[in-house]
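Engineer: Please see the structure below; I have some questions.
As C-alpha cells, this is what we get:
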C-alpha cells in the first residue's frame, strides 16, 4: 500500500492561488476565514500510520540504547570503584595516623577519643570513614619477648608479643572466660583471644612479664579470654596478629628456628603502661573507609583526598593538631591506581563495540529515511513539478519526522532512566538515580535530531533539480561519480590512519576516538569496495544463467543486477554489523581463553591437591583421588619450596627456587595436554640411582628442566643441590618458561625416582572433576590437604564489576548490532516490496506458478546477502589481526586476580565461530524473509498491482 495520500481530481493551480480564492470567498460571505486544507503533518501521519509507527519504534529503541549506554557505563564504573575500596585489604585501604610516644609518657583514653573525632573531621571528602570500625589506642611498634618460662618455646626461643590497647574491645569481641581487662598504667591488665590462649597456654589470671625501661619487667595480668566478632572486618583484619598467633622463623645458617608471635590486648585505661616497655610505643588512630556513597565521578576527587592526606593541606592540618612527629599512612592511592588502570585498559576496548553498534544504528536510521523517501518519491517529484520550493518541502518533511522522532526519543529517554537505575547512593535523586542525566539526554537528543533530519536532507538532495519519472538506476549500469570517489578515498585514508595509530600506540589513549572507530572504518571500506565490485560477478552470473533451463534462475540473477544503486546502505549496515560481531566475538573468545589459560597456570591441572611439605600427602590419598567421580588421571609430585641454588659465580647474590620431583612420563603428558612447558619424557631419564640407599652418593648428576632464570644461575656444568629431598648434582637439559607443578617464574624439575627422600606433597588431577566428590575423597585420607579446582580459580578472575560490566556491555552491543542487521534486511525487503509484488502479479498472469514465484523472490534476495556476508566475514577477519597488536585484553580478562601476572599478554585472535555464524545467519535470514514476503504476496489479490497506467 502506498504511503502517498489520495488526492481529489481537480485542475492544477499555481502555488498559493487556492488559498487566495478561499480567502475571497470567505470575505464575500461575511464569515470568518476557515482553513479548508488539513494541516500537513496530521494529514501525512494519518495517511501512513504504519510508517509513522515503525519509525517511532525504531527511534524509541535507538534512543533507549543511546540513553542507557552512559548510565550502564556509569553504573559498572561506580560498582567497580566501590568494589575496589570495599574488597581491598584493610591494612591497605585504611588511613592510619600514628604519633610516637616518649618513654614514660602518659595519655588518657578520653584524649585519644577526642583526637579521633578531630582527626576524622580533617579527612577531606569524598573520603568518608566507618565509625563502627574505627579504632584508636596505644601499641608497641617492636615485638618484645615474653620472659616467663612457662610460655611455649619452639626451638627454645621465647615468644614475642605485640602489646596494644584497642578501643571498644567489648563491642568487637565476646567474653568467653574471666572478665574484660581494666587496670591502670601501674597495674596493667589485658585480654587474649581464644586462639592465643590455646596456643600459648594462657589462662585468666596468668601474668606475662615483658622487658621494661627499668630493670624491673612490666607484669601484665590476663583477666579474660575473648572471641573476635566479625574477624574479617577492619577492626581485626588490619592487624591479624591481634587475634591469631603466628609461628615465625628466624634466619640461621645451620637450622630453622621457630618461635611464636602473639598479642596482648591491654585495656585502654592501662594503655600508658606500654610507654614503660621497650617496645617503642606509639599512639594510633585507624580510619577504615566506606564506599557506599561513592560514584564513578568521585574517583578523581577521592584520589585528590588521598593525596591531600599524604602530602597536602590535610596533612598540614593534622600536623597542627597532633604535632610535627605525626605520620599519616595509607595505600588507598594504590587501590585507586589499580582501579584507574583497569578502567583505562577496558574503556578503549569497549569503545570499539560502542562505535560499531552506533555506526550500524546510524546506517539503519538512514535506511529508514531512504525507505520513506522511496515510498514518496513520486509525490515529491510531482510537488517539485508544480513549483514547490526545496525549503518548503524540507521544512514540511522536518515537521513530519519531528512529530514522530521527538516524542519517541523522549519515551526512550524515560525508559532508559527507569530501567538503568544504577547502584543505590545516599542523597541521589529518586527519579534519576546516581548516574548523571545530561549524557543520556544528549544521546536521546542526538538520535531524535538525526532521525528528524535524515528524511528532509535526503529529499532536498535528491530533488534539488527536477527529475524525470521512470529513469533506471540499475546497479549494473551505475557509474560512481567523482564526489563518491573522493569520499571513498577520504574514508580509506582515515581508516588507514586509525589502524596505523592503534598498531603503534595501542589503546592507551582512551580519548582517541579515531582509534576506537578503526573497525568501523574497515567495515565502511569493505562495504564500498563490495559495492564497486559487486556488478562484476553479477555480470558473469548473468552470462552463465543464459544457458540454464527454466526461467526462475536467469530472471532472479537479472533482477539482482537491477537492484537500485542506492543499495549501498543495506550492504553497509550488514557489513558493519558483521564486522562488529566478528571483532566482539573475538574479544569475548580471547577473554575466555585468557581465563582458561590463567586458571591452568595457577592449578597446573584440572584440580590440585596439596599438603604441607613437612608431612606430605598420606598413603592412599592418590588412589582415593583416582577413584573420585570424573577423575581421568591423578599423579603425585613432590614440591619443595625455597631450595637454595648454587652459582658458578662466587659473588652472585642468593637465589632460591622450588624443586619439583615428578614421574617423567605422566608429567610430560600433562604438560603437553595443557600446553604448559611441554617436553619429551626422555629428557628426565632416570640415572638408576635414587632412594635412601643413594644418600651418600652426592656426586650423581640428575638431568633437570629449569626456568630461564634458574638455568642462567646454574650454567652448563653440574651444580650441587642440598635440599630436604637429598644432596645431589643437577645438569640443566632443557629450559621452559612454565611448568604445571608450580605457578612461579622459577623452578627446577627432576625425576622423582632419582632423589633421596621421596615424599610426594601434591597430586595433579586431570579430567572432568566433580568438586564435592574430590573433596570427599581427600577428606577421607587427610584433613589438612588443600583442594583447588581450575574451574573455581577461573571464576575468581571475574573479581570486579568493571570486568563483568564491560563484558556484559560488549555482549549487549553485539546483540544490538545483530538486531540492527535484522532491521536492515527487513527494511531492504520492504523498500522493494511493492515493486516485487507487481512483478510477481504480472508474471503470474504469464503462467508463473506460486512455487516458482517464491523461488524467484528468494533467489533474487540471496546475491546481495551473500556479498554482504562474505564482505562482513572478510572485514572481520582482516580487522582482528590488524588491530590485535594494539589491543591487550589482560585487564578485561583477569584484572588484578592472582595468576594474571603469569600471562605476559592476552593477544586478540580471530574466532572462527564469530566470523562464520553471523555471516551464515544473515544469508538464512534474508532467504527466510524473502520467502515469507513471497508467500504473503502470493496470498493477496493481483488486481491492485495490475492497475492500468501504474508505472511500477
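Residue numbers (this note's numbering): 351 to 1302.
Every residue, glycine too, gets a C-beta built ideally from N, C-alpha and C.
Please read all numbers here as calculations on a predicted model, not as lab measurements.
As an exercise, report each continuous alpha helix (DSSP H) stretch of at least 4 residues that is fully enclosed by the region 720–803, in chain order.
Structural biologist: Qualifying alpha helix (DSSP H) stretches, in chain order: 727–735, 740–769.
Engineer: Tell me whether the beta-carbon of residue 588 lies closer than 9 Å to the beta-carbon of residue 448.
Structural biologist: Numbered from 1 along the chain shown, position 238 holds the residue referred to as residue 588. Numbered from 1 along the chain shown, position 98 holds the residue referred to as residue 448. Result no, Cβ atoms of residue 588 and residue 448 do not sit closer than 9 Å.
Engineer: Which residue comes first and which comes last in the beta strand (DSSP E) that contains residue 608?
Structural biologist: Stepping through the chain shown from its first residue, residue 608 is reached at position 258. Residue 608 -> beta strand (DSSP E) spans 607–616.
Engineer: Excluding the 5 residues flanking residue 763 on each side, which residues of the same chain have their C-beta closer than 7 Å to its C-beta?
Structural biologist: Position 413 of the chain shown holds residue 763. 413, 417, 790, 791, 794.
Engineer: Ignore the nearest five residues each way along the sequence and tell me which others in residue 898's own chain have a CB closer than 8 Å to its CB.
Structural biologist: Counting from 1 along the chain shown, the entry for residue 898 is found at position 548. If we look at residue 898 and ignore the five residues flanking it on each side, its Cβ neighbours are 904.
Engineer: CB-CB under 6 Å to residue 1096, same chain, minus the five flanking residues each way: which ones, in chain order?
Structural biologist: The residue labelled residue 1096 in the question sits at position 746 within the chain shown. Only 1007, 1057, 1059, 1060 meet the Cβ criterion.
Engineer: Could you have a look at residue 1217 and say whether DSSP puts it in helix, strand or coil?
Structural biologist: By one-based count along the chain shown, residue 1217 stands at place 867. Here residue 1217 sits in helix by DSSP.
Engineer: Entirely within the region 456–501 and at least 4 residues each: give me those alpha helix (DSSP H) ranges in chain order.
Structural biologist: As far as the region 456–501 is concerned, its whole alpha helix (DSSP H) runs of at least 4 residues are 459–472.
Engineer: Can the beta-carbon of residue 1011 be found closer than 9 Å to that of residue 990?
Structural biologist: The residue labelled residue 1011 in the question sits at position 661 within the chain shown. The residue labelled residue 990 in the question sits at position 640 within the chain shown. Yes, they are a contact pair.
Engineer: Is residue 1026 buried or exposed, if buried means 16 or more other CB atoms sit within 10 Å of its CB?
Structural biologist: Counting from 1 along the chain shown, the entry for residue 1026 is found at position 676. The residue in question, residue 1026, is buried, as its Cβ has 16 or more Cβ neighbours within 10 Å.
Engineer: Exposed or buried, what is residue 522 when buried is set at 16 or more other beta-carbons lying within 10 Å of its beta-carbon?
Structural biologist: On the chain shown, residue 522 is found 172 positions in, with the first residue counted as 1. So residue 522 ends up on the buried side.
Engineer: Going by DSSP in three states, residue 1131 sits in which element: helix, strand or coil?
Structural biologist: Position 781 of the chain shown holds residue 1131. Three-state DSSP puts residue 1131 in coil, outside helix and strand.
Engineer: When the Cβ atoms of the region 633–640 are set against those of the region 469–488, are three or more pairs found closer than 8 Å?
Structural biologist: Yes, the region 633–640 touches the region 469–488.
Engineer: Looking at C-alpha atoms only, which residue of 1023, 1018, 1038, 1022 is the closest neighbour of residue 1031?
Structural biologist: Counting from 1 along the chain shown, the entry for residue 1031 is found at position 681. The candidate whose alpha carbon is nearest that of residue 1031 is 1018.
Engineer: What's the call for residue 538, buried or exposed, on a 16-neighbour Cβ count within 10 Å?
Structural biologist: Here the question's residue 538 lines up with position 188 in the chain shown. Under this definition residue 538 is a buried residue.
Engineer: For residue 1283, count the other beta carbons within 10 Å of its own beta carbon; 16 or more makes it buried, fewer makes it exposed. Which is it?
Structural biologist: The residue you call residue 1283 lines up with position 933 of the chain shown. That one is buried.
Engineer: Hey, how far is the Cα of residue 454 from the Cα of residue 497?
Structural biologist: As a working note, residue 454 is residue 104 in the chain shown. As a working note, residue 497 is residue 147 in the chain shown. Residue 454 and residue 497: Cα-Cα distance of roughly 21 Å.
Engineer: Measure the Cβ-Cβ separation of residue 502 and residue 495 and say whether it is below 9 Å.
Structural biologist: Indexing the chain shown from 1 puts residue 502 at position 152. Indexing the chain shown from 1 puts residue 495 at position 145. No, the Cβ-Cβ distance between residue 502 and residue 495 is not below 9 Å.
Engineer: Go through its chain and collect everything with a Cβ distance to residue 950's Cβ below 7 Å, but skip five positions before and after it.
Structural biologist: Along the chain shown, one-based indexing puts residue 950 at 600. Closer than 7 Å at Cβ, skipping near neighbours: 1024, 1026, 1140.
Engineer: According to the neighbour-count rule (16 or more other Cβ atoms, all chains shown, within 10 Å of its Cβ), is residue 1210 buried or exposed?
Structural biologist: The residue given as residue 1210 occupies position 860 in the chain shown. By the 10 Å Cβ count, residue 1210 comes out buried.
Engineer: Quick one: what does DSSP say residue 1116 is sitting in, helix, strand or coil?
Structural biologist: For this step, residue 1116 is matched to residue 766 along the chain shown. In the structure shown, residue 1116 sits in a strand (DSSP, three-state: E or B).
Engineer: Going by Cα to Cα distance, which pick from 642, 572, 594 is closest to residue 616?
Structural biologist: Within the chain shown, the letter at position 266 stands for residue 616. Out of 642, 572, 594, 572 has the C-alpha closest to the C-alpha of residue 616.
Engineer: With residue 559 as the anchor, note down where its beta strand (DSSP E) starts and where it stops.
Structural biologist: As a first step, residue 559 is located in the chain shown; it is residue number 209 there, counting from the start. Element bounds for residue 559: 557–560.
Engineer: Between which residues of its own chain and residue 691 is the CB-CB distance below 8 Å, once the five residues before and five after are set aside?
Structural biologist: In the chain shown, residue 691 corresponds to position 341, counting from 1. Closer than 8 Å at Cβ, skipping near neighbours: 1241.
Engineer: Spatial neighbours of residue 650 within its chain, please: C-beta separation below 8 Å, excluding the five flanking residues on both sides.
Structural biologist: Taking the first residue of the chain shown as position 1, residue 650 is located at position 300. Counting only Cβ-Cβ distances below 8 Å, and skipping sequence neighbours, we find nothing.
Engineer: Is it buried or exposed for residue 648, if we count other Cβ within 10 angstroms and need 16 for buried?
Structural biologist: In the chain shown, residue 648 corresponds to position 298, counting from 1. It counts as buried.
Engineer: Leaving out five residues before and five after residue 426 in sequence, what residues of the same chain have Cβ atoms less than 7 Å from its Cβ?
Structural biologist: Sequence index remark: in the chain shown, residue 426 carries index 76 (1-based). These residues qualify, in order along the chain: 1151, 1152, 1155, 1156.
Engineer: Does the region 924–936 come close enough to the region 873–884 that 3 or more CB-CB pairs lie under 8 Å?
Structural biologist: Yes, they touch.
Engineer: So, residue 531 versus residue 562, is the Cβ gap smaller than 9 Å?
Structural biologist: Residue numbering aside, residue 531 sits at position 181 when the chain shown is read from its first letter. Residue numbering aside, residue 562 sits at position 212 when the chain shown is read from its first letter. Result no, Cβ atoms of residue 531 and residue 562 do not sit closer than 9 Å.
Engineer: Taking the beta strand (DSSP E) that residue 677 belongs to, which residues open and close that run?
Structural biologist: Working through the chain shown from its first residue, we reach residue 677 at position 327. Residues 677–679.
Engineer: Use the C-beta contact count for residue 999: other C-beta atoms within 10 angstroms, 16 or more gives buried, fewer gives exposed.
Structural biologist: Your numbering for residue 999 matches position 649 in the chain shown. Residue 999 is exposed by the Cβ-count criterion.
Engineer: Let me check you understand the geometry: is the CB of residue 1272 closer than 8 Å to at least one non-hydrogen atom of the ligand MN?
Structural biologist: No copy of the ligand MN appears in this structure; indeed no ligand is present at all.
Engineer: What separation, rounded to the nearest whole angstrom, lies between the Cα atoms of residue 919 and residue 693?
Structural biologist: Mapped onto the chain shown, residue 919 falls at position 569. Mapped onto the chain shown, residue 693 falls at position 343. So the alpha carbons of these two residues sit roughly 35 Å apart.
Engineer: Between residue 1222 and residue 1258, what straight-line distance do the alpha-carbon atoms span, to the nearest angstrom?
Structural biologist: If you number the chain shown from 1, residue 1222 lands on position 872. If you number the chain shown from 1, residue 1258 lands on position 908. If I take the Cα positions, the gap works out to 18 Å.
Engineer: Tell me which residues share the same chain as residue 696 and place their Cβ nearer than 8 Å to its Cβ, disregarding the 5 neighbours each side in the sequence.
Structural biologist: As a position in the chain shown, residue 696 is number 346, starting the count at 1. Here the set comprises 1152, 1153, 1156, 1241, 1242.
Engineer: Between the region 976–989 and the region 1114–1121, do at least 3 Cβ pairs fall closer than 8 Å?
Structural biologist: The region 976–989, when compared against the region 1114–1121, does touch it at the 8 Å Cβ threshold.
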